[in-house]
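Residue numbers (the numbering used here), protein chains in the order written: chain A, 5 to 1023; chain B, 12 to 521. Every residue gets a Cβ at the ideal spot worked out from N, C-alpha and C, and that includes glycine. Input: a single structure, listed below in structure tokens.
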């Protein structure tokens, strides 16, 4: 009751504030009226009404009524509201003027930010995707990148899943072996939009995909640019919005593993098959009371909390927005969590021709996670006969008695519970990201802007290693505390001139400018061994530890980029569009001879629907466009172009055996390092049918990356250390189609829109540089990137079922009659002798599938019926294979628990795909069966997923009024609830390990299932 | 118009905020190479960096384990099946198998460092004697790295200049590699001192070490005359005044008696309790100890990734000292249930009796003891400070005896074997078995070397030299059932290097 009164009081205060802002007109004429929603005929409060060209304005009251005095009958009233079609009405002699407002459907007049400039979306000539933040906000995401999955064609998002983990985002494939991440620009500041940035602060996201769109960012734009604009205050009375969300989080389960009895039986069989005595732990010493389900013990129900409050408002001359937010994610793996508190201030003030503004966010994030280990292996491989904790494991080194295995029950897996209790790492990231700018309107067509951006991050990582053991045969090591403090600063300074002038049918606009950015990352590390413990409590400061000190300090990066940029858009009669963009960049990360370069691009558009000959009532707008240009990307460290002396080696000499400093060049250097360059072409069209109800865009792109750095394995005999030296030698092409379609139905009570997008990426290595005669590929473990094929295709042995009898093995012979698999026994995997030399070795590896999808698709459905709203998001990725590394470990049978549904081959069990089971030491057949480099572990990972389901209910306006609020909505949502796939691991959406092993599932944190409930309201 | 000036002032002020940027950023962490190699300190640090290679994982852990397990004195029963198979099982399907590749790689890292010294130090203006010594050290170490490569891989690329990323050297034959080892060691001999005047240099390689390694190199090629003259310096020449057998046999394996009079060439290790990595260039705070003890220690303490074959125990027990005791070298070399003659109740395994620790199990297993630290603590770790005495004077004496015997001077060879036997109270061979034929004396030497050098990594080279590395060893070491003559004498060249360099050849039959 109290709240309601308070809210009402606030409301009337705010309303009267709005009223007071109206200025008296010279020749007063009073206009009244009511504004209602076209959707349901209900009155809409809070609609802004402005007399055009003046500061005179008001807002509608709770019943949708307004009253305004205007200067004369020729005055024009502008009715506007967020997400509603703005209407302009000539006053004339009408009174009252009742207005029906409709939801804004056509987005052609929408302005989009394309870097240093905003242009009308309809005038775009480059490939620019505009992401609906309505969709990004309805998913629960750690980072902005994660929230983009499936929403824009050409954008590949793969989720990392863990608390505080970012997502892998790629735009139009991969054109570099080293770095595939796009450039993020947050409110004009080039800064990383990682998990420290609150996705809820975002007003709009634009993705610049082709050379024309991205060229304004020149040497850093080759992987595409994601422009993030945060929310701004709107002219009008203060608005307060609140949102809260709580969700529970669940891991999708991987394979079910055996319990103690099943495991013991299987391990007995394993040893007996090999003619060995089974370990006593599964025979005479088997303890039926120990039956550990490591998956259950190591995981828990996670949760997500997300709270936001925003206050915004302003006048004609100044606007403000202040927001505070808190996000917390308790991970499903014990010992993992992440929380972020953020505070944002965005404001903008104008005085005369000068405008000043700033957008600043302060965030503090804390992530807790064990500093190493991957429980997504351990929970499957750890043995069920080992207890989590047991008195019989207690020793001086293991006072808590963590179960770690014995000589009789050997495991290489960690005890994840012990590991997370003994080793903790708390990372605190305090960060400021923002910009401040000054704009001077020199003429009505010319504006100067000075923009200063800052990203500063203060990181503090504290790592503790307490007493205890978490794996078998653990080497002795002292307890330690380590604290790592580092700072990252990036300062951007820019001067730009924006111009916009119309000469009759000619319209010219654009920007020229200067930009400079300096980045520096440095840190110190301190620590000490032998932390003290009293009564079970550790003293967690370096000073309280009693052992040897640790100290280190370093500057990781320090570089400077200076650029001159320009863009010219020319439009003739709204029909012919032309854009020239160019940027000249110089970067300190290259040697003096390779330091600077010009990146130009050109684009053209033709609005064919405006031509006289084009006369179709069906097609309301059709624009053809094409672009060509060159972009760059820096993939080197600050000083990679120079050879450095490494003074870390130490030699031990003397009777006291003390270290003496050694110095050597450890890493080979290439002084000719330069930018990777990407030349890209883009052709597309944008069409609208049936007065904007159907939108369709399609693009074809073809980009060729040249001078790609090959930071790839150099031969071991070079003696190189500390990273392989890079050479600008390779070339990669990405081609594909992107199609996006939308249908909107915004009339009647049931209103809905549906959007779908499809992306294809054909990635092809064109050149890998000179690696010696005949070597036209780059080999990395289980993948090979070969000319004419995609990056990192699977290059492994091919299998052909199991040998069913000794006879089959004897008949499997090479050209000289030799046995191809002499070590094999019945029940072993048959490998194909690809080169026909009569033996199976590395020469028999061949290409077996690709981690690159043939097609990716996304779909969104938004609907409202009465007070209900529905948001459905779908993601599909098709036609690619993943190497299931966890399964390779489990089904290799050695020192691991077994899958519950395993069915090993035996003479009595021939109809199976699981090979015979045995103990592999001295049995090469079993070793071959478990080889990682084999197609046994490759799986079709195509999937279709209901990414998000959100059902909302808007409280009725009458109720809202009683509560004194304008809008309120409650919702429930389910994320990643349904996934359709044949992949046997927990999640086919695998990030992999690096660009060259993109499909290698090494215990990837699977996409969480999140069930959440929340509300948001505005008053 | 007044406003225009105002705005111009604002803009001008804003513009001055941008500084005049300097695009030459200095790396504050490390100097560039062009300021190095200027003086004696640089030269000495360059040489120290070569020694630093010894503590790297491939070198300090896997290389001794490979030498031990590939002979019949050891094998791996590691539950890590790939390791067990590769180490002494002669099964290595993956030519890039980490522990094996690490050995290859670390030897070449050392070679790269040595090449930097050998190319740059001659140009430095400095004290001529010191320069000669430092170059001698670099030659010795490069020769030693190639010695390892020649033994393990045989046919390898010869890198003799500073590497560049695009080097594509051809395979050199084992014979060519041996020739390079000889050249390097001869250069080392001419530059190295017989002793160092400053004790701070204790642990640096000496002329004696170079002669001993050169003798090994010659012996592997059956160049017995050359070997005799190299060893002569050590046994009868200047070396005779420098080296003598340590009074206690076990002193050669304890941390308190390192660099003793018997030490000819010794790998130096120390503990760095705060180390964070085994990579000696990633940070100065790296491991300068060896992790080998953790990998060889018995289960419950270490990984037991390389353990001892038990057949040799009988050979030890066949000897009795002059006061009718067991050969003391047995319990120094092998940790097993009966390391203490009285049995498992008395045999101590890191502070617990064998029975306390293992009950009735593990009675038929045995572990190499010489790398372990059980003489001073009841645990292991990755930071063993226990130096590896790679060439001991006892080895030199037995080598000399072998060479003399090979040259038909069997009778002259007796005294050197006697010295080694009498140190551990065994009766002199000239008393116990006088007048052996050349053939019988060689057989006796095989026994003597087995007992004196058991578990020190020399037996693999011995078996090759004696022509004994073949399937016949399978009765003692079942791993040799998989041994293929003409193939398994060498390890496979890492696939990665073959993939990159088409001029390289894989070893035969791999």
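- When rounded, the separation of the alpha-carbon atoms in residue 377 of chain A and residue 182 of chain A is 25 Å.
- In the DSSP assignment, no residue is bridged to residue 990 of chain A.
- By alpha-carbon distance to residue 158 of chain B, the top candidate from B:330, B:139, B:144, B:186 is B:186.
- Rounded to the nearest angstrom, the gap between the Cα atoms of residue 66 of chain A and residue 1023 of chain A is 11 Å.
- Burial state of residue 195 of chain A is buried, judged by a 10 Å Cβ sphere holding 16 or more other Cβ atoms.
- Assignment of residue 142 of chain A by DSSP, reduced to helix, strand and coil, places it in the helix class.
- A straight-line Cα-Cα distance of about 23 Å links residue 634 of chain A and residue 522 of chain A.
- Annotation: Cβ neighbours of residue 656 of chain A in chain B (cutoff 7 Å, chain order): 214, 279, 280, 281, 299.
- For residue 702 of chain A, the uninterrupted beta strand (DSSP E) run begins and ends at 698-714, by DSSP.
- For the C-beta of residue 672 of chain A, the chain B residues within less than 8 Å are, from N- to C-terminus, 174, 175, 176.
- Within chain B, the residues whose beta carbon sits less than 8 Å from that of residue 725 of chain A are 120, 290, 292, listed in sequence order.
- Rounded to whole angstroms, the separation of the alpha carbons of residue 395 of chain A and residue 266 of chain A is 24 Å.
- For residue 931 of chain A, the three-state secondary structure derived from DSSP is helix.
- No Cβ of chain A is located within less than 8 Å of the beta carbon of residue 208 of chain B.
- Residue 493 of chain A sits in a strand when the DSSP states are folded into three classes.
- Straight through space, the alpha carbons of residue 1008 of chain A and residue 193 of chain A are spaced by roughly 32 Å.
- Counting only runs that start and end inside the region 172-213 of chain A, the beta strand (DSSP E) elements of at least 3 residues fall at 172-175, 187-190, 206-212.
- In the structure shown, residue 560 of chain A adopts extended strand secondary structure according to DSSP, grouped into three states.
- Beta-bridge partners of residue 261 of chain A (DSSP): A:903.
- For residue 112 of chain B, same chain residues with a beta-carbon under 6 Å away, outside a window of 5 residues either side, are 505 in chain order.
- Among the CB atoms of chain B, one or more fall inside 8 Å of the CB of residue 599 of chain A.
- Within its own chain, the residues whose Cβ lies closer than 7 Å to the Cβ of residue 608 of chain A, once the five positions on either side in sequence are excluded, are 129, 581, 582, 629, 630, listed in chain order.
- If you compare the alpha carbons of A:434, A:170, A:145 with that of residue 205 of chain A, the shortest gap goes to A:145.
- Cβ-Cβ separation between residue 426 of chain A and residue 470 of chain A: approximately 5 Å, consistent with a contact (criterion under 8 Å).
- For residue 349 of chain A, the enclosing beta strand (DSSP E) has its first and last residue at 341-355.
- Counting along the chain, the unbroken beta strand (DSSP E) around residue 278 of chain B starts and ends at 274-278.
- Here residue 856 of chain A has 765, 767, 794, 884 as same chain residues with Cβ atoms under 7 Å from its own Cβ, once five neighbours each way along the sequence are excluded.
- Near chain B, meaning a CB-to-CB distance below 7 Å, the residues of the region 913-938 of chain A are 924, 925, 926, 928, 931, 932, 935.
- Around the beta carbon of residue 804 of chain A, fewer than 16 other beta carbons sit within 10 angstroms, so the residue counts as exposed.
- By the Cβ criterion, the region 163-174 of chain A is in contact with the region 317-335 of chain A, since at least three pairs of Cβ atoms, one from each stretch, lie closer than 8 Å.
- According to the DSSP assignment, residue 141 of chain B belongs to the alpha helix (DSSP H) that extends over 139-163.
- Within the DSSP secondary-structure output, residue 234 of chain A pairs in a beta bridge with A:206.
- If you check the CB distance, residue 1015 of chain A and residue 53 of chain A do not come in under 8 Å.
- Using a CB distance cut-off of 8 Å, residue 646 of chain A counts as an interface residue toward chain B.
- For residue 767 of chain A, the beta-bridge partners assigned by DSSP are A:738.
- The C-beta distance from residue 121 of chain A to residue 103 of chain A rounds to 33 Å, too long to fall under 8 Å, and the pair is not in contact.
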